[in-house]
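Read the structure below first, then the notes.
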Amino acid sequence: MAADSVYPISDSMKDAHINREQYEAMYRESIEDPDGFWGRHGKRIDWMRPYTKVKNTSFDRNNLSIRWFEDGTLNASVNCLDRHLADRGDQTAIIFEGDEPDVSRYVSYRELHEKTCRFANALKGLGVKKGDVVTLYMPMIVETAVAMLACARIGAIHSVVFAGFSPEALAARIGNGGSRFVITADEGVRGGRRIPLKSNVDQALEEPAASVVERVVVLGYTGGAMQWHDSRDVDFNGLMEEAEPWCEPEEMNAEDPLFMLYTSGSTGAPKGVLHTTGGYMVYTSITHEYVFDYRPGDVFWCTADVGWITGHSYTLYGPLANGATTLLYEGIPTYPDESRLGRIVDKHQVATLYTAPTGIRALMAGGDHVMDGTSRTSLRLLGTAGEPINPQAWEWFYRVIGNEQAPIVDTWWQTETGGVMIGPLPGAMELKPGSATRPFFGVQPALFDSEGNELEGATGGNLVIKDSWPAQMRTIFGDHERFIKTYFSTYDGVYFTGDGAKRDEDGDYWITGRVDDVLNVSGHRLGTAEVESALVAHDKVAEAAVVGYPHDVKGEGIYVYVTLMKGEEPTDALRDELVQWVRQRIGPIATPDVIQWAPGLPKTRSGKIMRRILRKIASNETDNLGDTSTLADPGVVDELMEYRAFR
Ligand code: WT7
């Protein structure tokens, strides 16, 4: 794989934290002497009791161990707040930009600290204890950051559920986590539309799965109407007023959980990815500084919702650990019009803009003029994450948004990895549109073939990581077996990412996308199995198979094959009904793009659906469907091709 164009290290980055020689030397040290490297860099975090051990890890599946800084103790909220009070207590920690363009709020480190302490005390008053799981179902607002940090302060495990998920999806996550506490708001606002969060929570709590919930803390935010359950619901603002403004932080072991976050896998229910405290804080802090070449005074804007890992690591924990000013935007980049993103950059003099390729492609579709009236000259660095970026979108981001002044760091990582794993350090690496380039310190990527042989040189294969890094997930909440099976059983002794990648002659990595049954729709991960089980729950659906297909804006679109129950008519009305049905069961991110009626699905004699064929039909690659001779009924394929014409 060759790059069409290569961008040399920009002059603006010649004084970056890490130059090319430093990268080479530090990378070598991080691999040859991880204890020495991380032992030194771990000190960037404030410890209550310093660690004496650094790395204690093994990827042997029969003897799996992932422990970092294991005898150290610390508190994440102290690292994000208290330690900044003396030097920069009055500096803005969070710039809140509301959905409506005339709403901004500036919250200093001192204010954020006080709010966090108050809410931490309030949670304690409700009976929340160290190790309890607290579910957040919140808009992108300051109180959400406060609630997360307050959990961290008292050692409760926050589980943020993206506010776009349906009541049913929320209930499943509450139930899986055994979460007795939920924090929400009356409503959220996005793109001028109100989202009935409290009413969704009420509906979720009617599901048997969510019967564990004892208390719901409700923030009166928009003032919208809602039902109130006296025995269960508690007023957020009332609690804050009554609470004491100082809360002693809980002393947490490095390996005590900090949070869990649900993400989709290739099979079954979403997994609660569990992250612990010490390694996560060290790694998010160091990657935030080096990958984004963070400088004191920079305004850092990560556009991801806090319901995703990117929001956890690079809106909140990484930037706050480094004493940065982080921007929290409530809305969407195209409201009230497409110039909003540029307007926010100008208004707050944003230095770093970190976003997803799908958002760039959506803006690009509007043409170059969407940035008219904005200058964006404050931008020093751009970043992308979440899905492969096509070179055209990369070039557009660089030229139109960044005025050809700001390098782009294309960062590959996952909910599971906690922080950036492969991505350019802007002072150390040339940029190639579409390539995530080189691994971060301590990260050892490798490519394996399907037999488990490591591939050398310029080639393509399945991406694995050969040794542990500090922010690695430690387990799937409540299901350690599944953790081992998912990540350590495909190959011996390495972490399997689920992604495919290519490596070029220079040793740079190009991520090609998932190699399992996980879709990446607009940078959001979605298991095909989740969408399928939502569909078969409809009483007119006999069977469903879901695959991805190339989509101009979303990256991957959702293509659904549906076999109806005997006697049911395939009508347009039913098609619309099924689309709505999936939205209601999972959330708008799972909205099917195409539903194709399928009289039958291509299956092997053992009954396994041959997705390869379904993917090809969905992607219009019907010239070469490959070997169909092992199908139980090869005629099914002709039928599908025929119906396809009418989709
Ligand atoms: C999956 C992880 C980046 C963290 C937020 C998403 C895909 C992620 C890239 C990239 C190509 C990427 C992978 C990965 N992905 N970053 N720079 N280039 N693909 O975290 O929801 O856990 O999704 O996103 O397929 O496995 P996530």
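Numbering (UniProt numbering), first residue to last: 1 to 647. We put the beta carbon where it would ideally sit given N, CA and C, even for glycine. Being a predicted model, the structure only gives us computed values, none of them experimental.
When the beta-carbon positions are compared, Ala351 and Val291 stay at least 9 angstroms from each other.
Taking 9 angstroms as the cut-off, the Cβ atoms of Phe59 and Lys466 count as close. Not one heavy atom of ligand 1 falls within 8 angstroms of the beta-carbon of Gln444. Between the alpha carbons of Ala471 and Pro101 lies a gap of roughly 36 angstroms. A contact between stretches requires three or more CB pairs, one per stretch, nearer than 8 angstroms, and the stretch 188-201 fails this requirement with the stretch 606-621. By the criterion of at least three beta-carbon pairs nearer than 8 angstroms, the stretch 70-80 is in contact with the stretch 42-55. A heavy atom of ligand 1 is found nearer than 8 angstroms to the CB of His524.
For Phe496, the enclosing beta strand (DSSP E) has its first and last residue at Tyr495 to Arg503. In the assembly as shown, Met473 is a buried residue. Its beta-carbon has 16 or more other beta-carbons within 10 Å. Counting only residues of its own chain and dropping the five nearest sequence neighbours on each side, Pro8 has a CB closer than 6 angstroms to the CB of Glu430. Between Val160 and Val306 a beta carbon distance of about 6 angstroms is seen, short of the 8 angstroms cut, so the two are scored as contacting. Contact holds between the stretch 442-449 and the stretch 490-505, because three or more Cβ pairs, one in each stretch, are under 8 angstroms apart.
By the C-beta criterion, the stretch 589-603 is judged to be in contact with the stretch 554-568, since at least 3 inter-stretch pairs fall below 8 angstroms. According to DSSP, residue pairing for His158 in a beta bridge involves Val134 and Phe259.
Boundaries around Gln596 are those of the beta strand (DSSP E), Val594 to Trp597, since no alpha helix (DSSP H) includes it.
By the Cβ-count criterion, Leu425 is buried, with 16 or more other Cβ atoms from all chains shown falling within 10 Å of its own Cβ. The bridge partners DSSP lists for Asn56 are Arg67. Residues of the same chain with a CB within less than 7 angstroms of the CB of Thr315, apart from the 5 flanking positions on each side, are Cys302, Ala304, Val306, Thr326 and Leu328 in chain order. DSSP places Gly478 in the coil class of the three-state scheme, outside both helix and strand. For a cut-off of 8 angstroms, the C-beta gap from Gly278 to Glu255 is around 7 angstroms, short enough to register as a contact. In the displayed model, Val464 falls within a strand according to three-state DSSP. Contact between Ile154 and Lys124 holds: CB atoms are separated by about 6 angstroms, below the 8 angstroms threshold. Taking all protein chains shown into account, Tyr106 has fewer than 16 neighbouring C-beta atoms within 10 Å of its C-beta and is therefore exposed. Per DSSP, Thr512 is one residue of the beta strand (DSSP E) stretching across Tyr509 to Arg514. Taking a 10 Å sphere around the C-beta of Glu248, we find fewer than 16 other C-beta atoms and assign the residue as exposed. Within the same chain, Thr475 and Ile476 come within 7 angstroms of Phe483 by CB-CB distance, once the 5 residues on both sides are set aside.
Closest in C-alpha terms to Ala458, from the list Ala243, Gly507, Arg583 and Glu114, comes Gly507. Under the rule that a run must span 4 or more residues, the alpha helix (DSSP H) segments found entirely inside the stretch 243-328 read 278-291 and 318-321. Taken in chain order, the complete alpha helix (DSSP H) segments of 4 or more residues contained in the stretch 528-563 are 528-536.
Scanning its chain for C-beta atoms nearer than 7 angstroms, with the 5 sequence neighbours on each side dropped, one finds around Asp368 the residues Val400, in chain order. The Cβ atoms of Ser211 and Arg585 do not sit closer than 9 angstroms to each other. Comparing alpha carbon positions, the residue from Val464, Gln91, Thr263 and Val518 closest to Tyr509 is Val464. Within the same chain, and ignoring the five residues on either side of Ile422 in sequence, the residues whose Cβ sits closer than 8 angstroms to its Cβ are Thr411, Trp412, Trp413, Ala436, Thr437, Arg438, Pro439, Phe440, Val443, Pro445, Tyr509 and Ile511.
Ranked by Cα distance from Ala171, the first of Thr604, Ala209 and Gly177 is Ala209.
The continuous beta strand (DSSP E) containing Tyr354 extends over residues Thr352 to Thr355. The stretch 547-556 makes no contact with the stretch 565-572; the number of CB pairs closer than 8 angstroms stays below 3.
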